[in-house]
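Line order of the protein sequences matches chains F and C.
Under the working numbering, residue 183 is the last one in the first sequence; the count climbs by one each step, no gaps.
Under the working numbering, residue 740 is the last one in the second sequence; the count climbs by one each step, no gaps.
A virtual CB, placed ideally from N, CA and C, is assigned to each residue, including glycine.
Note that this is a predicted model, so its numbers are computed, not measured.
To start, the structure under review is shown below, and the notes come after it.
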Amino acid sequence: MTKSSRLYDEVIAVTDDYLGPAAERFVARQITTHLHKSPEKLTRTDLRKLIDWIKLAISLLTDDVEAVDKYIDSLTRLAGRKGSHPTR
Amino acid sequence: MTSRNPGTISARKSSSAEAAMLEAERARADALFLSIGDGAISTDSHGMITRINRAALDMLGFSREELLGTWFPKSIVAVDEHNRPLDIADRPISQAFLSGRPVSAKSFYRRKDGMSLPIALTVSPYMLEGRPVGAVQVFRDITAELEIDRAKDEFISLASHQLRTPLTIIRTYSEMLANGFGGELNERQAAYVDAVNVSIVRMATLINSLLSVARIESGQVRIDRKKTDLVAILQSVIDEMAPRLQEKSIRLKSSLDPLPPVVTDQVLAKEIFVNLLSNAIKYTPENGTIKLQLGRQDKGILFSIEDSGYGIPKTEQNKVFSKFYRGSNILKKDTDGTGIGLYLVKRIIQNLDGDIWFKSREHHGTTFYCTLPAGRTSRPAGVD
Numbered sequence: 096m097t098k099s100s101r102l103y104d105e106v107i108a109v110t111d112d113y114l115g116p117a118a119e120r121f122v123a124r125q126i127t128t129h130l131h132k133s134p135e136k137l138t139r140t141d142l143r144k145l146i147d148w149i150k151l152a153i154s155l156l157t158d159d160v161e162a163v164d165k166y167i168d169s170l171t172r173l174a175g176r177k178g179s180h181p182t183r
Numbered sequence: 357m358t359s360r361n362p363g364t365i366s367a368r369k370s371s372s373a374e375a376a377m378l379e380a381e382r383a384r385a386d387a388l389f390l391s392i393g394d395g396a397i398s399t400d401s402h403g404m405i406t407r408i409n410r411a412a413l414d415m416l417g418f419s420r421e422e423l424l425g426t427w428f429p430k431s432i433v434a435v436d437e438h439n440r441p442l443d444i445a446d447r448p449i450s451q452a453f454l455s456g457r458p459v460s461a462k463s464f465y466r467r468k469d470g471m472s473l474p475i476a477l478t479v480s481p482y483m484l485e486g487r488p489v490g491a492v493q494v495f496r497d498i499t500a501e502l503e504i505d506r507a508k509d510e511f512i513s514l515a516s517h518q519l520r521t522p523l524t525i526i527r528t529y530s531e532m533l534a535n536g537f538g539g540e541l542n543e544r545q546a547a548y549v550d551a552v553n554v555s556i557v558r559m560a561t562l563i564n565s566l567l568s569v570a571r572i573e574s575g576q577v578r579i580d581r582k583k584t585d586l587v588a589i590l591q592s593v594i595d596e597m598a599p600r601l602q603e604k605s606i607r608l609k610s611s612l613d614p615l616p617p618v619v620t621d622q623v624l625a626k627e628i629f630v631n632l633l634s635n636a637i638k639y640t641p642e643n644g645t646i647k648l649q650l651g652r653q654d655k656g657i658l659f660s661i662e663d664s665g666y667g668i669p670k671t672e673q674n675k676v677f678s679k680f681y682r683g684s685n686i687l688k689k690d691t692d693g694t695g696i697g698l699y700l701v702k703r704i705i706q707n708l709d710g711d712i713w714f715k716s717r718e719h720h721g722t723t724f725y726c727t728l729p730a731g732r733t734s735r736p737a738g739v740d
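Below, the structure is given as structure tokens:
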């Protein structure tokens, strides 16, 4: 439980670099709508499932492909997924 | 000397055959996409436009080169009816990504010439090996449909207005006849005149409803916000409806919390209560029950009305607030309904910044819930 909460906090921290104060709202919305669970209960397995949706959503907010890829790479590392996320 | 490995040659042949098949498949997919009659645009996981068909280019006024490879949210701007850009969160594509499911909506795109184009669209996230990798959206121009809607609304408005004047005259003379101003009526004549009067009242109600719809749709409804005692308004509506409740032996249970005055429009608030209670009475069979609740909730006032009526068929529940919708299960039971009441209620509530929703089970009944903001009671009454 504590571990999962820390993961959520880490995701917020990473996202904060890109979205600032909107980070928590953005991540929480992705978790609750795609995973139907409370954001604090996020696990690494969940995060692996969620990354693709997060990438699509954030790509509607910025056309900075490099920044998006960097952000997704950071999340991928947090999720423990090996290798870079496929890009276009 | 090198010897050729027959296995390697065979593998190469097979790999080139697969590549050819893949290429043919891709060409077919391209041809299919590009030949769709509606506008079609696909974007990748970065929101970049990867494909766009001729119909989309014609509707938007761009060339393929101007859009391919560009960032969709910036190149194709979604706007509201006043040509103001929509917040990205409000765009159907964002909702499709958030829900993970196709989203259909009506919206406007800004054309290259700056004009807004009304469209009906469906955006679907598309998946590759179970993972979302982009979106496809298909849209069509609905300018003509909107024009037809507008013409229809104008006709309803004009026709209702024109009908009201002669109806008022008919009503006046009919009441004069009923009251003996044209000489004493025998029993049969009096019954005929009564029947005429009942129908006149029904027609007047219908015309007034149509006019209310026309007014609200054209934005002519003036909202006169003032301190309002909703409990008193609801109580007066209950009193007015008492004969109809008694006629059907319907039990009315009400739980009306004492409320401080709220700042809202008294006439429109009454219209909401009248329509919802009248609806509940109409669609509750004899000896049924209606429960009313009015109280405070987080951000304002919550009103609910629960009936033990016929309920709304599940397959039709998405149409409940559509204009002229009538449940297929009540068409024969009640032939007088117009299908305007709930549409009107929803529009009024939207105008008052409230919300309405319902739950319903066929043969068990329906509960409508509506919220209204409490408003700023510190404002002087009558000041908007």
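| Asked | Found |
| --- | --- |
| Beta-carbon neighbours of SER463 of chain C, restricted to chain F and to distances below 8 angstroms | Near SER463 of chain C there are no residues of chain F at all, since even the closest Cβ is about 15 angstroms away, more than 8 angstroms. |
| Spatial distance of VAL739 of chain C from GLU135 of chain F (CA atoms) | Model confidence at VAL739 of chain C stands at a pLDDT of 31, short of 50, so the residue's coordinates are unreliable; what they give is reported in the following sentence. VAL739 of chain C and GLU135 of chain F: Cα-Cα distance of roughly 46 angstroms. |
| Close-in-space but distant-in-sequence residues of the same chain around GLN451 of chain C (CB under 7 angstroms, 5 per side omitted) | VAL459 |
| Among C:ALA500, C:ALA491, C:ILE449, the one whose alpha carbon lies nearest that of PRO474 of chain C | C:ALA500 |
| Beta carbon of VAL160 of chain F nearer than 8 angstroms to that of HIS402 of chain C | yes |
| C-alpha gap between ARG520 of chain C and VAL630 of chain C, whole angstroms | 21 angstroms |
| GLY175 of chain F burial status per 10 Å Cβ neighbour count (16 or more: buried) | exposed |
| Continuous alpha helix (DSSP H) stretch holding ARG578 of chain C: start and end | Neither: ARG578 of chain C is in no alpha helix (DSSP H) and is coded neither H nor E. |
| Exposed unless 16 or more other CB atoms sit within 10 angstroms - verdict on GLN493 of chain C | buried |
| Contact list for the stretch 434-459 of chain C against chain F, Cβ threshold 7 angstroms | ILE444, ILE449, SER450, PHE453, LEU454, SER455, GLY456 |
| Outcome for ILE504 of chain C when other beta-carbon atoms lying within 10 angstroms are tallied against a minimum of 16 | exposed |
| Coil, strand or helix - ILE712 of chain C by DSSP | strand |
| The stretch 686-697 of chain C in contact with the stretch 711-722 of chain C per 3-pair CB rule at 8 angstroms | no |
| Chain F within 8 angstroms of HIS402 of chain C, Cβ atoms only | yes |
| CB contact below 8 angstroms: ARG382 of chain C versus chain F | no |
| Contacts around LEU114 of chain F, its chain only, beta-carbon distance under 6 angstroms, and the 5 residues preceding and following it disregarded | PHE121 |
| Rounded straight-line distance, which links the Cα of ASP663 of chain C to that of ILE405 of chain C | 51 angstroms |
| Sheet register partners of VAL479 of chain C (DSSP bridge) | C:VAL459, C:GLN493 |
| Enclosing beta strand (DSSP E) for SER610 of chain C [first to last residue] | 607-612 |
| Under 7 angstroms (Cβ pairs) to chain C, residues found in the stretch 144-165 of chain F | ASP147, TRP148, LYS150, LEU151, ALA152, SER154, LEU155, LEU156, ASP158, VAL160, VAL163 |
| Boundaries (first-last residue) of the beta strand (DSSP E) holding GLN649 of chain C | 645-653 |
| C-beta atoms of GLY395 of chain C and PHE495 of chain C nearer than 8 angstroms | yes |
| is_contact[HIS129 of chain F, chain C] using C-beta, thresh 8 angstroms | yes |
| Simplified DSSP state of VAL116 of chain F, which is helix, strand or coil | As written in the sequence, residue 116 of chain F is Pro, which differs from the Val given in the question. Helix. |
| Contacts of TRP427 of chain C in chain F (Cβ-Cβ under 8 angstroms) | ASP158 |
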